[in-house]
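Sequential numbering from 352 applies to the sequence shown in our numbering.
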Amino acid sequence: MKIMDPIVYVSLGMALGAGLAGAASSFGVGIAGAAAAGAVAEDERNFRNALILEGLPMTQSIYGLITLFLIGMAAGIIGGGGFKFAEPTTENIIKSAILFGAGLLVGLTGFSAIPQGIIAGSGIGAVSKNPRTFTQNLIFAAMAETMAIFGLVGAIILIMSL
């Protein structure tokens, strides 16, 4: 049985971290954006609050992008110096698998952007009816973000363990 080269694990970690989180963010922003369009159509003064709530699910894609760069720098792909784990030794495979895990962790926890978009969309509707509830609805939507933050922190811990 042939082992995969370390670059494959690292590349997959980078792609999954940024790709899964980015895809989930687009779903979340789309869900909230549909609610925002309706709220603004009813009253243009809803634009500012709707825009803020709609943008919340985008942060998971930022965490994915940060992770992509951190993995790339840890592996030497970004920043020069050449790929650090080029030889398929046991140690390099383990380090590359850790980087893969870091990317997967951020990618999977990034799926919190989808329920966050649902919560933000409901919040947009609520705030358009009662603007005084903006802060409460912002907090409701931010709660879903917590899992993505935990994922990013976990990925940073994994990356720093190398």
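Here a beta-carbon is modelled for each residue, glycine too, at the ideal position from N, C-alpha and C.
Query: Decide if residue 432 is buried, meaning its Cβ has at least 16 other Cβ atoms within 10 Å, or exposed.; Result: exposed
Query: In whole angstroms, what is the alpha-carbon distance linking residue 421 and residue 451?; Result: 12 Å
Query: How would you write the range of the alpha helix (DSSP H) that residue 357 sits in, first residue to last?; Result: 357 to 393
Query: What do you get for residue 352, buried or exposed, if any count of 16 or more other CB atoms within 10 angstroms of its CB means buried?; Result: Low local confidence applies: a pLDDT of 47 at residue 352 is under 50, so the model's placement there is unreliable, with the coordinate-based value given in what follows. Classification of residue 352: exposed, given that the 10 Å Cβ count is below 16.
Query: Below 6 Å CB to CB, which residues in the same chain sit around residue 471 once its five sequence neighbours on both sides are set aside?; Result: 383, 404, 407 and 492
Query: How many Å lie between residue 398 and residue 499 at the Cα?; Result: 26 Å
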